[in-house]
Structure formats: C-alpha cells, structure tokens
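As given, the protein sequences belong to chains U and G, one line each in that order. When we follow full-length UniProt numbering, the leftmost residue of the first sequence carries the number 1, and every step to the right adds one. When we follow full-length UniProt numbering, the leftmost residue of the second sequence carries the number 1, and every step to the right adds one. Note that the Cβ used here is the ideal one computed from N, Cα and C, for glycine as well.
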Amino acid sequence: MATAPVTTPGTGPAAPTGRSQTGRTATATTARGQRRRRALTGWAFAAPFTVLFGLFLAIPVVASLVMSLTDLRSTDLRTPLSVDFVGLANYVRLFSDDLFLRAALNTGVFVLVGVPLTMVLGLAAASALNSGLIRLRGLFRVGFYLPVVTSIVAIAVVWRLVLDPEAGLVNALLRLVGVDGPNWLGDSGLALPSITVMAAWRNFGFLMVVFLAGLQTIPADLYEAARLDGASRWDQFRYVTLPLLRPTLLFGAVVTGIGYLQLFEEPFVMTRGGPLSSTLSVSYHIYNQFGFGNYGYAAAASYVLFVSIVALSVLQFRLLRSRD
Amino acid sequence: MRSQRRLAVAVTAATLIALAGCGRDSGGGQDEARSVSDGKATGEITVWAMGTEGEKLGAFAQDFMAENPDAKVTVTAVPWDAAHQKIASAIAGKQTPDVSMVGTTWMGEFAKTGTLDPTPTDLVDKASFFPGAWDTTVVDGTSYGVPWYVETRLIFYRKDLAQRAGITELPRSWEELTAFATAMKQKAGAESGLYLQPGGTGSWQSFLPFAWSNGANLVDGDRLTLDTPELTEAAAYYRSFFADKLSTTIDLGLQGSLEQSFVDGKTAAFISGPWHIGLLAEQGGAGFTEKFGVLPMPRRKSATSFIGGSDLAVFKDAKNRDGAWKFVSWLSRPQVQVKWYQTVKDLPAVQQSWQDPGLAGDPFLSAFGEQLKDAKSPPPMATWEQIAAVIDAEVERVAKSGTDPGAAVKAMQERAGSVGTGG
C-alpha cells in the first residue's frame, strides 16, 4: 500500500492522485471536502457491521480483559461493579496454581505430539491418494473425512467404548494375539496418549483434503524434470513436494495448532480430566473455573491461552514461511 | 492513525470509568426476615424447577390454585445442565422468577449474592424438617429457603452373596464393614467386596460420610478445617479398601458399568442413593429386588450419611413475594409432601410425612427415612463446588496412588484453604 501504482485500472477520474508530489494546490480544500464525504459514505456503508462488531465482539472482549484484572466472582452477580481491582494478581496466581501448570503441561504435550502426528497422517493419506497408489479414491476420501464432520461428542463416546478395558474392541483384538490390554483411559500414563491418537485420527481427514488440494497445484512437469535428473520417489517428495507444499503445510499447522491448544471435548466426554488430572487441558481448567464462579481468574486463564495461541501461530509462521 | 489513537483513548476512558465505580462494600448488613401477609395468595407466581420436578410441578400446583382461586402458578421447566447458569444470569440481570428450586450445594453461592429472601419465621416451622436438610438453607445464621425434597446414601448389598459368604450379622461398625467386604470378596467371589468411588466428580459424597461419622467438622467459623485427625483417620479407612483390593480403582460410575457389575455379582456392595432402587430393579430383571438390600452407614462416633436434595428459595426481586412464600409453605405441608412423593417419588423433607404407610411400609424407603435422621450436608458456602473438586482430587490420589492419608488431607487443607469459604 505504500507505493502508489502508476495506473490503477478500474478507478474513476475522481481518485486523488499525486497529491504528495505536487504539494498544495488551489483545489486542496475541495479535495478535502470530497475526501470527507467519501469517508462518511464509507462509514455509513460499514456502520451496520461496525455497530454489531462493537456491541457483540469488541465490548465483550474489552470487558473480559477488564474482568481478568478484578476479583469478580459469581457472588458478585448482583453488583458486578463493586468488585476490587487486583491488577495482575490473577495472572500471578495462575502460575503458582499446580492444577493450571499441570493443565498447561498436558496441553503442551498434546500439541507437540498431536500436531506433527496429525500432519504426517494427513500428508501420508493425501500423497497416497494423489499418487494413485490407492484404488477407490472417492471412497477413501469420504471415509477419512467422515470423522471430521461427525459430532465430536458422538466420536468420543464411541471411542470410550472402543477403549473399554473389558468390552472394548482394542483390548478384544489384543486378547486375540494373547496380550492382556491395559485400561487405556483409566491409566494416568496412557489416558493422554490415547486421547492424542484419537484426536489425530479424527482430524487428519481435514488436513488430507487441504494437502490434496495443495498437491494438485504442483505442476507435473516438475516431477518429470526431477525424474529425468534421476531423482527417486523419496527425492521427489523431499525436494519437489515438500518445498512447494510449504504454504499449505503452514496453513495446516496453524489451523491444527489453534484447534489442539483448545483441547476440551475429548477429555470432557471421555475422562472428565482424569485419572489424576492427567488429561486436564487448559480449556477444561478454564471451564471448571467459570463453573466454580471464579470469573476474574478464569478470564485471566483465557487470556493466557489466547496469548499462547498467538505465540504458537507466530512461531509456526517463522518456521514454515517460504524462504525467498 | 489518528482515529486508532482516538479509539484507544476512548477504550481506556471507558475502562477507567468502569473501574472507578468498583470496590467492595466493607459492611453488608444482616438480612432481616420479613413476615408475610395473611390471607390467600393472589396474582401470578412464577416458579423455576429442574428435571422431573419441572415437568410435573405445573399440573401438581392445580390443587394450590383451587385453594387460592385468585393465584396463578406458572412453572418453567429448566434442564439440570443449564440450571446453574440460568439462575446466575437471572440474578445478574435482575430477572429472577419469584421462586426457584435450588440444589442444596448451590445455596451458599446464591445466598451470598444477596439475592435470596430470608425465610419468614412466622410461616415455616424449622423443627418439622430433617435437621440436616434445614441446615442446607442456613447461610451465616440466616435461613434463605425451605427444604423441598431430600435424598441420602446407604450401602446397597447383595443379600444372596452375603449368605454365600456366611455373613449372619450385618456390619454396624467400621471394623465389621471391612470384615463384611473381605468376606464378600474372599468367600462370595466378588471382585469388589465394597465398591467405593475412587475419586472423580462427586466422590466426596462417598468419602465425607466416613469423616462425619468420625466426628469431623469441615469448618470452624469461617475457617476450613480439613486437616484434622478425624479426617485423616477417615481417609486412612477409605484408603484401606483400595490398598486391600476390596474395591476396584476403576471408576465404574464414569464407565456406566456399576449397575451391571452389581447384577453380575462382581460388585457385592456400593454406596448410593434411593434412585438406585429403581435402576437396579430395572437392570436386574424380575426377582432381582429380592436379591439386594440396604444397610445404614456403619457407626464410628456416629453413623452419619450425606443428605442431598433440593431447596425452594424466594428471590428478593420477586414480583409476588407473599404469593411465592405461600406457595412454598403449601409445598411443605406434610400431606402435600406425601402427595408429591406419590407423583414424582421425591423423598419428603418434612419428617411427619414419613408416617404415611406408602413410605413407612416400604423396607427400602423406611431405611432411607431412618438414615435421614442422621445425615449431613457440607455447610453452605459460596465456594463449595470448588472445594468439593479439591476433595475429589485428593480422594482420587488416596485411592489410586495410595497417597499417605495425612499428606492428602494436608493438601486438601492447603488447596481448599487458598480458595476459602467465600465468606
């Protein structure tokens, strides 16, 4: 936006151009009047959105930020303005709250393991479908995508049955090969890994569709050229597919990261955050705190989560943006 | 750029104005109960109720309207899941109904908002209710409602398995209960001789009866006292069932397999409330009712169980306060309580209602009625749900990790103490 284009196709003659080079002219005042009218028209058009945005988004966001700086509790509901302003005390308390730290650790592990796992699965499925290794492409595409559009609560309930230590499918299969399967969701060491695998299974279908679209934009002649140079299948993947897919991978990583940082439904339905808080996520902790009526404290935790989401996205942009 | 700066200034100004109005009142006068006018109720009385109560109360109130022809009772059914949030929003918006059903453990929180009307002393006789139920309405010495219906917890056990285990005398003390569970496991082949909830939401309701029976008090004035020797002993006793493998550490309730495992005889006994009579009869099929019975809580210093249920509260913002209290007082009449029991199977909170043959003649229900005379609820406090979560977490550590009972109650006290009673 900093450089003025020499020709602007589609712009009428009324467009004020070259004002900085020529300096003040006699027409400056009329130009300013015109500008103001144009601005006014613009705002009039934008008003419906701006008002709605302000009422239902900006004001609540500002209010919640203010709320996170007070000791508002559910017992203050009748007199929400007569609360004490506590500054950053809620934020300080968060970082000495064992349960919040545990939740942060769980969520961190879930994101660190879950996002790469989901992306690898998605990319593998997309590559397989794209290279024609698999027949019945449409069927697989629908099959892999189905979990994404199914209600997460239904999926979580079904997986709870699948992982049931006695009647579950997983342990029944293990029993066939003579292994006595563990209590997947009841063991504090296995519950989070189980949920991670389930989340990867559920979400890789979405990434598969995105990556498939990305793969189809890569020109076939690049592969042809690579083959002529004697590149193996792996070399083609490594030196042609991956670099050209970088923007798509970035999109996938950011979207998945944002979703995974807000892990909530899976532990809510499957484990209630247990056993021994091993599947308590930050979102679940916030949900509990709102439930306990600690509105100020919960709002502070929400902002910490928000800042982590922004930080993770920035990090991913730095790591994965195209280097040119 | 300039408009952005202006926006920032505006936001900051708005924030400062909002903050300037902040600051807690230091005082806060004691609520005085006002009396209610004489005569019949008039006008519209709006009522919120949850679950089955919400569905059935509207039709049930016809009798009240027949008695008070100028009054009209309007009942709104609220789903349990949404109830807490809906009442909280109504309080914040000052758009409350006249009367609402309130879960007993919510009383502390809602009373502290200053939104509940103190119970008129001339209208309601506190001695007519079970004392444990009445206590759920009392916050800082003032009563803010009336118990509507109650429930308490007993030990459900398999009679046939007890016979197979050669048990002739039912357990009356802690030692006898341990022996009972051991015999059920070793001689009758049950996996869990007595299943206790191994932590998780609501496990405090299984754990605290042992603490209360051992003489524990959860609070001393405004201060929480969760690290007393009484609680430590109760935690050690609770832990012994898991350490001796008399109870599984799998949360059967969360898995939804508790009833089936009781019917299968894998679980020989467990602690629960009156709703399990119907559930077990349904799950076990014909004749299963003959195979199980209920036991009162075993005695230590006392034989105290947990009392739950719901209260009825009138709001200060009620448009028809007098009518509301008259409706509440009508619902607490002994004969109306009996009829309400016959309608939705809610156990009466009024002691006199239990003389009705429908209740006194039923062996299961009369056992619950007997236990209600010695049943407690945590003292109403604004932060109870959070403190309950702390207790649940420590009960889980005791049950699943075998944490030292002393360390567990110390952690309870530390974490719950930092929450406070909200007083």
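Check                                                                                                                   : Outcome
THR256(U) versus LEU154(G) - alpha carbon distance                                                                      : 48 Å
With 16 other Cβ atoms within 10 Å as the buried cut-off, status of GLY28(G)                                            : Per-residue confidence for GLY28(G) stands at a pLDDT of 44, beneath the threshold of 50, marking its modelled position as unreliable; no derived number is given.
Under 7 Å from the C-beta of LEU112(U): neighbouring residues of chain G                                                : In chain order: nothing, as chain G lies at least about 25 Å away.
Neighbour flag for ARG19(U) against chain G, beta carbons, 8 Å                                                          : Residue placement at ARG19(U) cannot be trusted, given a pLDDT of 45 that sits under 50; what the coordinates show is reported in the next sentence. No, because no Cβ of chain G sits closer than 8 Å to the Cβ of ARG19(U).
Residue from ALA235(G), ALA59(G), GLU109(G) and ASP322(G) whose Cα sits closest to the Cα of GLY39(G)                   : ASP322(G)
Member of GLY252(U), VAL61(U) and ARG238(U) whose CA lies at the smallest distance from the CA of ALA213(U)             : GLY252(U)
Segment contact, 8 Å Cβ cut-off, at least three pairs: the region 171-189 of chain G with the region 121-134 of chain G : no
Contact with chain U by THR289(G), beta-carbon distance below 8 Å                                                       : no
DSSP-derived helix/strand/coil call for TYR195(G)                                                                       : strand
6 Å Cβ shell around GLY51(G) - same chain, five flanking residues per side excluded                                     : TRP80
Cβ-Cβ distance between TYR303(U) and SER68(U) below 8 Å                                                                 : yes
Partners in chain G for ASP164(U), counting only beta-carbon separations shorter than 8 Å                               : GLN255
C-alpha gap between PHE242(G) and ALA188(G), whole angstroms                                                            : 18 Å
Any C-beta of chain G under 8 Å from that of PRO182(U)                                                                  : no
Contacts of TYR243(U) in chain G (Cβ-Cβ under 8 Å)                                                                      : It is worth fixing the name first, because residue 243(U) is Pro in this sequence and not Tyr. Correct list: empty, because the minimum Cβ distance to chain G is about 38 Å.
Residue environment, ILE59(U), which counts as buried when at least 16 other CB atoms sit within 10 Å                   : exposed
CB of THR96(G) within 8 Å of CB of ASP356(G), strictly                                                                  : no
Exposure label - ASP374(G); buried when at least 16 CB within 10 Å                                                      : buried
Contact check, PRO209(G) vs SER89(G), beta carbons under 8 Å                                                            : no
Selected residue, minimal CA-CA separation from GLY285(G), among SER272(G), ARG300(G) and ASP264(G)                     : ASP264(G)
Within-8 Å CB hit, ARG246(U) to chain G                                                                                 : no
Same chain, Cβ closer than 8 Å to THR50(U), five either side skipped, listed in chain order                             : TRP43
Members of the region 375-392 of chain G that neighbour chain U once the beta carbon cut-off is set at 8 Å              : ALA382, THR383, GLU385, GLN386 and ALA389
Assigned exposure category for VAL47(G) - 16 Cβ within 10 Å defines buried                                              : buried
Range of the contiguous beta strand (DSSP E) that encloses residue 432(G)                                               : The question about residue 432(G) has no answer, for chain G in this structure spans 1 to 423.
Status (buried if at least 16 other CB within 10 Å, exposed otherwise) for GLN337(G)                                    : buried
Beta-bridge partners of LYS301(G), as assigned by DSSP                                                                  : Bridge partners of LYS301(G): none, in fact.
Span of the alpha helix (DSSP H) around GLY417(G)                                                                       : 405-419
VAL344(G) versus ARG172(G) - alpha carbon distance                                                                      : 32 Å
Expected contact under 8 Å - CB spacing of GLY114(U) and ALA199(U) to nearest Å                                         : 6 Å
Cβ separation of LEU315(U) and THR107(U), assumed to be a contact under 8 Å, to the nearest whole Å                     : About 15 Å; that fails the 8 Å criterion.
Beta carbon proximity, GLU396(G) to chain U, threshold 8 Å                                                              : yes
Straight-line Cα distance separating PHE306(U) from GLY138(U)                                                           : 38 Å
Own chain partners of ASP117(G) with C-beta closer than 6 Å, once the 5 adjacent residues on each side are dropped      : VAL314 and LYS316
Proximity to GLN351(G) [Cα-Cα], best of ASP31(G), GLU151(G) and VAL73(G)                                                : GLU151(G)
Euclidean distance between Cα positions of GLY402(G) and LEU244(U)                                                      : 54 Å
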